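So the structure is just underneath, and the comments pick up after that.
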């Protein structure tokens, strides 16, 4: 992220906070929602911007992914000397990246540690993702997640693991080992339920074996805006072909993503209010919070806070890019919405089926595209690291 953009975000938060007791991001905590920032860079850490974002804006965690690191490393020169030195030592670009990333995540974890302690381990987390190439490799995921967990060595770390068919068994194993997991690339209700059950099963196994469960944390990152991007495209194709009721088709545009997320939250309430989970809660276990991901609005015709305003409620996290956080500070609405109308959400998906579109096919395609996007960003990241080799020769 450009430096002055982040400074502007903090300034806006300070201006708004002067006019009210607490800004809107901080007010969300009273509704049970935490805002995490979907962005990190070394410059942000070194210039105390991350610390100020915690204090002034009220962000309560940070998420990262290969795309974010690719942009951070490509921008400016803050990483150049370290990368050049590591390459000079004979490291390959992948090793260089993980070494650089580990340092940033450690420093970010340390900045968030007071919040982690203050909230009893509910917030203050920093997430780093396993290698994107391992999305279909359970054993490789296990190995890489353990390496990251041990290398970073912070209690407020979350390792991001895709909730793919292959990833679920790794997720269950890692949670059982006591590693905090941010389960990513969730698009479907079925996949959400599967990873939520994996968390409950891991807690139960640890409890049965006399291991601590009160400090084990996990979030289920359920992607939102990308669902509308694809669903709207398919709905437009329906309109263009003259296939179906045009009024009904138009009414669904910009509605599918929120409905899908709302139904995931309905499933969350069912699972974590169940007889299966209650004994674990009584023993100190935390719920696995739904984390709304991909919440920056991509369609300029929609509100730039659509995927924040519509998904506010207890035990939720929204990880948003700085631009979306700034928009919410300015004109977002702090009001519990996520569970206000389950019937309306069901109707949207029922109507989607009526017009001939299958939500399961949409979410399956999005999972594949998500894996490909992160792999592409990772390839660009490695190419960028390799490109720093010229600094050695300069």
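Numbering (this note's numbering), first residue to last: 13 to 406.
Yeah, the Cβ is synthetic: ideal placement off N, Cα and C, and Gly gets one too.
Here the structure is a predicted model, which is why all the values come from computation and not from measurement.
query                                                                                                                                                      : result
List the whole-angstrom C-beta distance separating residue 54 from residue 90, where the pair is believed to meet the contact cut-off of C-beta under 8 Å. : 5 Å
Which residues in the same chain have their Cβ closer than 7 Å to the Cβ of residue 51, if we skip the five residues on either side of it in sequence?     : 13, 80, 333, 334
Mind checking who residue 140 pairs with in its DSSP beta bridge?                                                                                          : 171
If you reduce the DSSP assignment to three classes, tell me which class residue 247 lands in.                                                              : helix
So, residue 398 versus residue 99, is the Cβ gap smaller than 9 Å?                                                                                         : yes
To the nearest angstrom, how far is it from the Cα of residue 356 to the Cα of residue 175?                                                                : 27 Å
Going by beta-carbon coordinates alone, are residue 349 and residue 369 separated by less than 9 Å?                                                        : no
Exposed or buried, which one is residue 165 when buried takes at least 16 other CB atoms within 10 Å?                                                      : exposed
Using only the alpha-carbon positions, how far apart do residue 247 and residue 310 sit?                                                                   : 16 Å
Residue 31 by DSSP, collapsed to three states: which one?                                                                                                  : Caution applies to residue 31, whose pLDDT of 45 falls short of 50 and renders its modelled position unreliable; the model cannot decide the point.
By DSSP, does residue 183 sit in helix, in strand, or in coil?                                                                                             : helix
Can you give me the C-alpha to C-alpha distance between residue 382 and residue 43, rounded to a whole angstrom?                                           : 30 Å
With 16 as the cutoff for other CB atoms within 10 Å, does residue 182 come out buried or exposed?                                                         : buried
Roughly how many angstroms separate the alpha carbons of residue 31 and residue 230, rounded to a whole number?                                            : Because the pLDDT at residue 31 is just 45, under 50, the model does not fix this residue reliably, and the value given afterwards should be weighed accordingly. Approximately 35 Å between the Cα atoms of the pair.
DSSP state of residue 233, grouped into three classes?                                                                                                     : strand
Could you tell me the boundaries of the alpha helix (DSSP H) in which residue 383 lies?                                                                    : 371-399
Indicate whether residue 3 and residue 93 have their beta-carbon atoms separated by less than 9 Å.                                                         : Residue coverage of the chain in this structure runs from 13 to 406, which leaves residue 3 outside it and unanswerable.
Would you verify that the beta carbon of residue 170 is, or is not, closer than 9 Å to some beta carbon of chain B?                                        : Checking the listed chains, one finds no chain B in this structure; it contains a single protein chain.
Beta strand (DSSP E) containing residue 77: first to last residue?                                                                                         : It is not in any beta strand (DSSP E) - residue 77 carries neither H nor E in the DSSP assignment.
First and last residue of the alpha helix (DSSP H) that includes residue 162?                                                                              : 150-164
On the criterion of 16 or more Cβ atoms from any shown chain inside 10 Å, does residue 223 qualify as buried, or is it exposed?                            : exposed
By how many angstroms is the C-alpha of residue 402 removed from the C-alpha of residue 194?                                                               : 36 Å
Helix, strand or coil: how does DSSP classify residue 332 here?                                                                                            : strand
If you scan the segment 55-121 from start to end, which runs of the alpha helix (DSSP H) of 4 or more residues do you find wholly inside it?               : 61-64, 78-86, 92-100
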